[in-house]
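Take the sequence shown: its position 136, counting from 1, is numbered 136 in the UniProt record's numbering, and each next residue is one higher.
Where a beta carbon is used, it is the ideal one built from N, C-alpha and C, also for glycine.
Remarks on the structure that follows.
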Amino acid sequence: MAQIRTMQTAQENGEWAALPPREQAQNQGFLQHIGMMARFDNILGNETIHTLEYLTSEIRSIFCHSTMVDRIAAMLNYFLFHLVGPKMRNFKVKDMQEYKFAPATIVLNICKMYVHLGSNEQFCAAVSQDGRSYSPQLFTLAEGVLGNIL
Numbered sequence: 001m002a003q004i005r006t007m008q009t010a011q012e013n014g015e016w017a018a019l020p021p022r023e024q025a026q027n028q029g030f031l032q033h034i035g036m037m038a039r040f041d042n043i044l045g046n047e048t049i050h051t052l053e054y055l056t057s058e059i060r061s062i063f064c065h066s067t068m069v070d071r072i073a074a075m076l077n078y079f080l081f082h083l084v085g086p087k088m089r090n091f092k093v094k095d096m097q098e099y100k101f102a103p104a105t106i107v108l109n110i111c112k113m114y115v116h117l118g119s120n121e122q123f124c125a126a127v128s129q130d131g132r133s134y135s136p137q138l139f140t141l142a143e144g145v146l147g148n149i150l
């Protein structure tokens, strides 16, 4: 999505107009190509997150097992950080629906997973011990985003 945003911005700012017609056509073709890939990845990602949200609402033990809990916590933290953190604007493109990108739905489903798994001490410990994406402000940022969408 960030690459699409960069290319759309360059096109809108007239940077492409200065290019030879062949290069403009190449850029347009590349933008369409990465757009199709993004659409596919977003559809797959939306369905995967939705499925995980459903599974965590019904089955908690497997996600909180010692072999999985650190990975699940790190994954949720990573996705949430990128969707609500300082670089969240990088994902904003001209028409998010065209690329099937629904960040509000993804954030909501990720937060539901935190709630579903939050009663498990090992999960809570794994969330806070994730050094890559977790910070004390992460849930405050998520709360702000949820406040805007709900």
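Please name the residue, chosen from the options, that lies closest to residue i on a Cα-to-Cα basis.
i, options, result
"residue 102", "77, 24, 48 and 27", "48"
"residue 54", "3, 82, 25 and 108", "108"
"residue 117", "58, 98, 43 and 2", "58"
"residue 2", "141, 91 and 70", "91"
"residue 79", "142, 149, 15 and 150", "142"
"residue 99", "34, 74 and 19", "34"
"residue 106", "62, 149 and 31", "149"
"residue 110", "130, 25, 56 and 119", "56"
"residue 43", "130, 96, 21 and 8", "96"
So for residue i, helix, strand or coil by DSSP?
i, result
"residue 92", "coil"
"residue 39", "helix"
"residue 99", "helix"
"residue 62", "coil"
"residue 120", "coil"
Where do the ends of the alpha helix (DSSP H) carrying residue i lie?
i, result
"residue 20", "Premise fails: residue 20 is in no alpha helix (DSSP H) and is neither H nor E."
"residue 70", "69-84"
"residue 138", "138-149"
"residue 114", "103-117"
"residue 135", "Note, residue 135: premise wrong, no alpha helix (DSSP H); not H, not E."
"residue 5", "2-12"
Using a Cβ-Cβ cutoff of less than 8 Å, which residues in the same chain neighbour residue i once the five nearest sequence positions on both sides are dropped?
i, result
"residue 128", "134"
"residue 138", "77, 80, 81, 84 and 85"
Just to confirm my understanding: we take residue i, look at its own chain, exclude 5 residues before and 5 after, and list those with CB closer than 6 Å. What are they?
i, result
"residue 5", "93"
"residue 125", "none"
Excluding the 5 residues preceding and the 5 following residue i in the sequence, name in chain order all residues of the same chain whose CB lies nearer than 7 Å to its CB.
i, result
"residue 52", "113"
"residue 120", "60 and 64"
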